[in-house]
Ligand code: CTP
Ligand code: MG
């Protein structure tokens, strides 16, 4: 079996507000993209990695990952152009990996994800689950609102999870879910829309997504402490 990790890294990082696309922003001296790839390799459960970057930065990413692209690297790494929306980027990655038996889809922006979480997701796939996502209990109360900002509901927090990546799938299930042509903010939503069961396993606080300047500050501080 072949576990292929697809790494969406083609976003602009509008909410982060740095001068370059988010995956190329350095954290502790290395771009987020490089940290995410190192975590996937360190997990020991990934056979191949495909990264999706902005089209004009494919060459830049290949340069950053030069040490990973050669035959000396235990895990082959490729870079392909992503698309306008995250869903388009993942679709491009799926097309570049026809050999996959399982996919892991893992945001470059979750640069500090522990390799042990990646290994736990793959272990659940190997145990026979066809769709596996990590999630954490939410700590804020979540409300739905209408266009005017008036509250329309307060779901019971105990039944909610904040979902992370890597998200793991049987390859044919993810291929079929993407063939429907829908858009979503995560991959599991497309599989759910397809009617498949998605299993949630405990996530990791360190798998948080670097989205805002506060997140970037936290990530840089955590890496600086780790490297002390
Ligand atoms: N992503 C992608 N292709 C896109 C949009 C997003 O590959 N067209 C990737 C991002 O690079 C990121 C992950 O999907 O690794 C999660 O998306 P998000 O955190 O929203 O990143 P950005 O879209 O870059 O940020 P923003 O929405 O603030 O612009
Ligand atoms: Mg985005």
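In my numbering, the protein residues as written are 617 to 844. The C-beta atom is built at its ideal place from N, Cα and C for all residues, glycine as well.
If we call anything under 8 Å between Cβ atoms a contact, is residue 778 one with residue 751? yes
Would you report the Cα separation of residue 813 and residue 746, rounded to the nearest angstrom? 8 Å
State yes or no: is the C-beta of residue 633 nearer than 7 Å to some heavy atom of ligand 2? no
Quick one: what's got a C-beta closer than 6 Å to residue 787's C-beta in the same chain, skipping five residues either side? 716, 717, 718, 719
Identify the continuous alpha helix (DSSP H) that holds residue 703 and give its terminal residues. 702-711
For residue 632, count neighbouring C-beta atoms within 10 Å of its own C-beta (all shown protein chains included) and say buried if the count is 16 or more, exposed if not. buried
Using CA coordinates, which residue listed in 748, 670, 768, 840 is at the minimum distance from residue 696? 670
On the criterion of 16 or more Cβ atoms from any shown chain inside 10 Å, does residue 694 qualify as buried, or is it exposed? buried
Residue 675 to residue 742, Cα distance in whole Å? 35 Å
Outcome for residue 799 when other beta-carbon atoms lying within 10 angstroms are tallied against a minimum of 16: exposed
Could you check which residue in 624, 808, 659 has the C-alpha nearest to that of residue 710? 624
Could you give the DSSP three-state label for residue 770: helix, strand or coil? coil
So residue 829 is in the alpha helix (DSSP H); what residue range does that whole segment cover? 829-842
Under 8 Å Cβ to Cβ from residue 735, same chain only, skipping five residues before and after it: list those, please. 659, 660, 661
For a minimum of 4 consecutive residues, which ranges assigned as the alpha helix (DSSP H) are wholly contained in the segment 632-673? 648-659
Less than 8 Å between the beta carbons of residue 638 and residue 655, yes or no? no
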